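**Student:** Numbering-wise (my numbering), the sequence shown opens with residue 7 and increments by one.
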Amino acid sequence: MNKDELENLKKFLRLTNYISAIQTYLKENYLLKEPLRPEHIKPRLLGHWGTCPGINLVYAHLNLLIKKTGSNFLFVLGPGHGFPALQANIYLEGTLRKYYPEATLDEKGLGYVAKNFSWPYGFPSHSSPATPGVIVEGGELGYSLSTSYGAVLDQPHLIVACLVGDGEAETASTATAWHLHKFIDPKSSGAVLPILHLNGYKISGPTIFGRMSKTELKNLFKGYGYDPVFVSAYGDEDKIHESLARAMTDAHLEIRRIQSEAKDGTGKNWPAWPMIILSSPKGATGIKKRGKDKIEDNCLSHQVTLPNAKNDKKDLVALDKWLRSYRVEELFDPINGPLKELMGLVPEEKLLMGDNRIARLGVTPENELDLPDVSKYISPKTQSEKSTASSMIQMGKYLNELFTKNSEKKNFRLMSPDETYSNKLDAVFESTTRAWNGPLKSWDKDIAPEGRVIEMLSENSLQGMAQGYILTGRHAIFASYEAFVQVVSSMADQYAKFLKIARETSWREPVASLIYVLTSSGWRQDHNGFSHQNPGFIDGVLERHGRFARVFFPADANSTLTVLHRSLKTKNEIHVICAAKTEETIWLNKEEAEEEAEAGLSIWKFASDEDPDIVFGAAGDYLTGESLAAIQIVKQEIPNAKIRFVNVLELCATNIGSSSNHHPLEEYFTSDKPVIFNFHGYPETFEQRLFDWKTDLRRFTVHGYLEIGSTSTPFDLQLRNSTSRWHLALDAFRSLEDQGKLDADTARSLYQKYLKKIASYPEYVKEHGVDSEEITNWKWHI
């Protein structure tokens, strides 16, 4: 770095620190043309100052590195509460003005940026999808590193500089994400440059990493597989810049060396990727003390350091003195904006981190998926004998061809926590393998550096990688045991919030829908027991995220394939597909499955009568089977009973069925007949959808998972949760008796018969250890 660069860099940092600070405090007098007065101060002081100076330091040095190397960098900010610093930088580089024309590089534009920070209908307090260049919001901490690694997959020309806060580094999600470089193939993917920012403090106390010794930190990160370089931002300013510039240059050279050696075949397994550990005073260049309290380099600089600046003269005077210490009049002209020599530190437009097209272009035409012909994997539906198929086995075959058809594009990934085989999706290994850039044993199977399936027993890391991959224009499926996807419920919620704002942001192009495949259903976790029985993930999805979050309960393998095929065509949505991995009955042919997918629900004519006395309904493959078995029982016992069966494939927060289905639900469930519904999840989840429908809830009896489980047989689990065919049949008998369709004596006899079956069945499974042939040999017929 020459002398002019160094001096301009120091000036640039004075300006970015100044702009970061005034966003919290000022609504007028943005260039301090007069002494600060209370009316210049915002009525509510909101923001996080402490991390901003460190962010500004890193961003400025990354800009220098980009100018010298011409490399394609994306900046990912872990502590999103440092948004004022990010905003200051994308404002000065001109990116913000491109998307917010009011953000001009003059006094008026500076005022627009400052006043609108944390202001109603202005900019939020954290980085968000409305911020150019952002793929991580950074409010709920821990997801920056995994998202960064997802972003660089299959993008060999991209380097993501990921700034991880030392508070964020304490999270479980970050702790596992440090390992993700072990799945990155340097030949075909980009690189992540982690920058661990040690400013030592969280909101009210020290961070663990901030109090660890240099030796402890070095050993920790060498163990993770990194080659850490330490930079201290304490002491002489010139030396700070020299050491950070050198560290970044060396890191860049090392990244290129690793990638080059991987391409020419001389690279090592699990190379030691560079990372930077930067220690800096929290709140540097800010208020040193307030009264007797130490502010700078302490937790008290985390948020607003002068909280009474509007009403307390001492705070106001201190604020005025602090802001004037940056001498903004030397750096920013009211008309012409920042000094020309400062703008010389900003990369050319095509290399601006804030305007990196990867973060906003969504799925480009080149990255659209080439989908297989789904009809090749549809199983025949036969009337003469029971036709069965496994949804997951058929899905695996479909995904195998999907990988093959898109092998040149390299635009699709499957994420699964050690479950591709367990979930019977292993047909994909005919065309790909599991990613693994580490040592191999001779007996290892389906593992290679170029693998397109990523397995890691950290759902959090996989969720983050899927998000990073999708938000940079590609496609991903996250397949998991139904019970354990709950580990990422909060991450999924945060992603949905991100997606909601992204959908409302005009300059963000649509991204592929994030598809969850939930299998190894709790209804067939009879062998693993209570801990593996949890359908709660769908509750969180359905509770809040409108029509772009959709949950599907395909009744058979054909329906599963149809839903998957359609889901892969959608954009800007979240799809959850709950499907079995066991062999189950094929109920629908291709045309019927397509019709049901279009409407989101359908009347199954083969199991329905005209003008029904009662309506059976179901959502979920195993629950559908029990409902049809119950209908068969009722028909056998009461031949003149008229029954309709409605299968519900899709739910969203506001709908039963597809939002594109404009037929009233009364056409399916009638307007007044009793409905016996068997639901895959908790009964309350479906009952909420009924409440939204504003129908008469009293005519609905909803069965579902009651949080009763153990290691037992499949049917015993249905029995314990009152979702069995016998429980449903009892409901039907009661309803028919209430309608006068069944006399009291017959009803009493039927009650006794099926209550006896229910009561005696536990003894049967205790003795035999398996379900009875009456259950296992059942097949549909009327």
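Note that the Cβ used here is the ideal one computed from N, Cα and C, for glycine as well. Every value quoted in this text rests on a predicted model; they were computed, and no experiment measured them.
Would you say Y427 reaches chain D, if we count a Cβ-Cβ gap shorter than 8 Å as a contact?
**Tutor:** The displayed structure is made up of one protein chain only, and chain D is not part of it.
**Student:** Give me the residue from K193, I28 and K208 with the minimum Cα distance to E267.
**Tutor:** What you label residue 267 is simply residue 261 of the sequence shown in a count that begins at 1. Of K193, I28 and K208, the residue nearest in Cα terms is K193.
**Student:** Buried or exposed for P59, going by 16 or more other Cβ atoms inside 10 Å?
**Tutor:** As a first step, residue 59 is located in the sequence shown; it is residue number 53 there, counting from the start. Classification of P59: buried, given that the 10 Å Cβ count is 16 or more.
**Student:** Have a look at I483 and G53 and give me their C-alpha separation to the nearest angstrom.
**Tutor:** The residue you call residue 483 lines up with position 477 of the sequence shown. The residue you call residue 53 lines up with position 47 of the sequence shown. Spanning the two alpha carbons is a distance of roughly 36 Å.
**Student:** Could you check the C-alpha separation between Y24 and Y106 for me, to the nearest Å?
**Tutor:** On the sequence shown, position 18 is the one that residue 24 refers to. On the sequence shown, position 100 is the one that residue 106 refers to. Straight-line Cα distance between these residues: approximately 21 Å.
**Student:** Indicate whether T588 and R530 have their beta-carbon atoms separated by less than 8 Å.
**Tutor:** As a first step, residue 588 is located in the sequence shown; it is residue number 582 there, counting from the start. As a first step, residue 530 is located in the sequence shown; it is residue number 524 there, counting from the start. Contact flag set, yes.
**Student:** How should N225 be labelled, buried or exposed, when 16 other C-beta atoms within 10 angstroms of its C-beta is the threshold for buried?
**Tutor:** The count along the sequence shown starts at 1 and reaches residue 225 at position 219. When all chains shown are included, N225 counts as exposed.
**Student:** Taking the beta carbon of W449 as the centre, do at least 16 other beta carbons fall within 10 Å, making it buried, or is it exposed?
**Tutor:** By 1-based counting over the sequence shown, the position of residue 449 is 443. By the neighbour-count rule (16 or more Cβ atoms within 10 Å), W449 is not buried but exposed.
**Student:** Would you call F543 buried or exposed, if buried means 16 or more other Cβ atoms sit within 10 Å of its Cβ?
**Tutor:** Within the sequence shown, residue 543 is the residue found at index 537, counting from 1. Buried is the call here.
**Student:** Would you give the residue range spanned by the beta strand (DSSP E) that G479 belongs to?
**Tutor:** Along the sequence shown, read from residue 1 onward, the residue named residue 479 stands at position 473. That residue, G479, is in no beta strand (DSSP E); it is neither H nor E in DSSP.
**Student:** If distances are taken between C-alpha atoms only, which option among F123, S134 and V119 comes closest to Q500?
**Tutor:** Reading the sequence shown from its first residue, position 494 is the one you call residue 500. If we check each option's Cα against that of Q500, S134 comes out closest.
**Student:** Pull up the CB-CB distance for V166 and S154, whole angstroms please, since I reckon it's below 8 Å.
**Tutor:** Locating residue 166 in the sequence shown gives position 160, counting from the first residue. Locating residue 154 in the sequence shown gives position 148, counting from the first residue. Right, the Cβ-Cβ distance comes to about 4 Å (below 8 Å), so this counts as a contact.
**Student:** Applying the criterion that 16 or more other CB atoms from any shown protein chain within 10 Å of the CB defines a buried residue, is D160 buried or exposed?
**Tutor:** The count along the sequence shown starts at 1 and reaches residue 160 at position 154. Buried, by the Cβ-count rule.
**Student:** State yes or no: is the C-beta of N373 within less than 8 Å of the C-beta of R480?
**Tutor:** Within the sequence shown, the letter at position 367 stands for residue 373. Within the sequence shown, the letter at position 474 stands for residue 480. In this structure, R480 lies closer than 8 Å to N373 by Cβ.
**Student:** Just to check my reading of the structure: I453 and L520 have Cβ atoms closer than 8 Å, yes? What is that Cβ distance to the nearest angstrom?
**Tutor:** The count along the sequence shown starts at 1 and reaches residue 453 at position 447. The count along the sequence shown starts at 1 and reaches residue 520 at position 514. Not quite, the Cβ-Cβ distance comes to about 26 Å (not below 8 Å), so this is no contact.
**Student:** I think P768 touches D737, with their Cβ atoms under 8 Å apart; what is that distance to the nearest whole Å?
**Tutor:** Numbered from its first residue, the sequence shown carries residue 768 at position 762. Numbered from its first residue, the sequence shown carries residue 737 at position 731. At roughly 21 Å, the Cβ-Cβ gap does not stay under 8 Å, so P768 and D737 are not in contact.
**Student:** Closer than 6 Å by C-beta to Y65: which residues in its own chain qualify, once you throw out the five before and the five after it? Chain order, please.
**Tutor:** Mapped onto the sequence shown, residue 65 falls at position 59. Excluding residues within five positions, the ones whose Cβ falls inside 6 Å are N95.
**Student:** Let me know if A642 comes out buried or exposed under the rule of 16 or more other beta-carbons within 10 Å of its beta-carbon.
**Tutor:** The residue labelled residue 642 in the question sits at position 636 within the sequence shown. According to the sequence shown, residue 642 is Gln rather than Ala. With fewer than 16 other Cβ atoms within 10 Å, it is exposed.
**Student:** Whole-angstrom Cβ separation of I301 and T311, contact assumed at under 8 Å?
**Tutor:** To locate residue 301, count along the sequence shown from 1; it is residue 295. To locate residue 311, count along the sequence shown from 1; it is residue 305. I301 to T311, Cβ: 5 Å. Contact.
**Student:** Could you check what DSSP says for F559 in three-state terms: helix, strand or coil?
**Tutor:** Along the sequence shown, read from residue 1 onward, the residue named residue 559 stands at position 553. Residue state, collapsed to three classes: coil.
**Student:** Can you check the stretch 342-398 for any alpha helix (DSSP H) of at least 4 residues that lies completely inside it and give the ranges in chain order?
**Tutor:** Qualifying alpha helix (DSSP H) stretches, in chain order: 346-349.
**Student:** Would you mind stating whether T525 and A586 have Cβ atoms separated by less than 8 Å?
**Tutor:** Mapped onto the sequence shown, residue 525 falls at position 519. Mapped onto the sequence shown, residue 586 falls at position 580. Yes. Within cutoff.
**Student:** Can you check which of these residues, D244, G623 and L607, is closest to L19 by C-alpha distance?
**Tutor:** Numbered from 1 along the sequence shown, position 13 holds the residue referred to as residue 19. Closest option to L19, Cα to Cα, is D244.
**Student:** In the DSSP output, which residue or residues are listed as bridge partners for M421?
**Tutor:** As a first step, residue 421 must be located in the sequence shown, where it is residue number 415. I460 and F484.
**Student:** Whole angstroms is fine: what's the gap from A120's alpha carbon to L51's?
**Tutor:** In the sequence shown, residue 120 corresponds to position 114, counting from 1. In the sequence shown, residue 51 corresponds to position 45, counting from 1. Looking at the two C-alpha atoms, the distance is approximately 12 Å.
**Student:** Using 8 Å as the threshold, is the C-beta distance between P41 and D242 below it?
**Tutor:** Counting from one through the sequence shown, the residue named residue 41 turns up at place 35. Counting from one through the sequence shown, the residue named residue 242 turns up at place 236. No, these two residues do not count as a Cβ contact at 8 Å.
**Student:** Where do the ends of the beta strand (DSSP E) carrying I649 lie?
**Tutor:** By one-based count along the sequence shown, residue 649 stands at place 643. Unbroken beta strand (DSSP E) run through I649: I649 to V654.
**Student:** Taking T137 as the reference, which of G360, I47 and L712 has the closest Cα?
**Tutor:** By 1-based counting over the sequence shown, the position of residue 137 is 131. Selected option, being the one with the closest Cα: G360.
**Student:** Note the first and the last residue of the continuous alpha helix (DSSP H) segment covering M254.
**Tutor:** As a first step, residue 254 is located in the sequence shown; it is residue number 248 there, counting from the start. It spans E243 to D270 - the alpha helix (DSSP H) in which M254 sits, taken as one unbroken run.
**Student:** On a CA-only basis, which of I781, A239, F338 and T729 is nearest H686? Give me that one, please.
**Tutor:** Walking along the sequence shown from the start, residue 686 turns up at place 680. Per the Cα distances, T729.
**Student:** What would DSSP say about H187, mapped onto helix, strand or coil?
**Tutor:** Here residue 187 is taken as the residue at index 181 of the sequence shown, counted from 1. If DSSP states are grouped into helix, strand and coil, H187 belongs with the helices.
**Student:** Please name the residue or residues paired with L199 in a DSSP beta bridge.
**Tutor:** Indexing the sequence shown from 1 puts residue 199 at position 193. Answer is A167.
**Student:** With distance defined between alpha-carbon atoms, name the residue in T438, S393 and S428 nearest to E414.
**Tutor:** Position 408 of the sequence shown, counted from the first residue, corresponds to residue 414. Nearest option by C-alpha distance: T438.
**Student:** Taking just the CA atoms, how far does T719 sit from T388?
**Tutor:** As a working note, residue 388 is residue 382 in the sequence shown. As a working note, residue 719 is residue 713 in the sequence shown. Near 28 Å, if we compare the C-alpha coordinates of T719 and T388.
**Student:** Helix, strand or coil for T153, going by three-state DSSP, please let me know.
**Tutor:** Numbered from 1 along the sequence shown, position 147 holds the residue referred to as residue 153. Note: T153 maps to helix in three-state DSSP.
**Student:** Counting Cβ pairs, one atom from each stretch, are 3 or more of them under 8 Å apart for the stretch 72-81 and the stretch 322-339?
**Tutor:** The stretch 72-81, when compared against the stretch 322-339, does not touch it at the 8 Å Cβ threshold.
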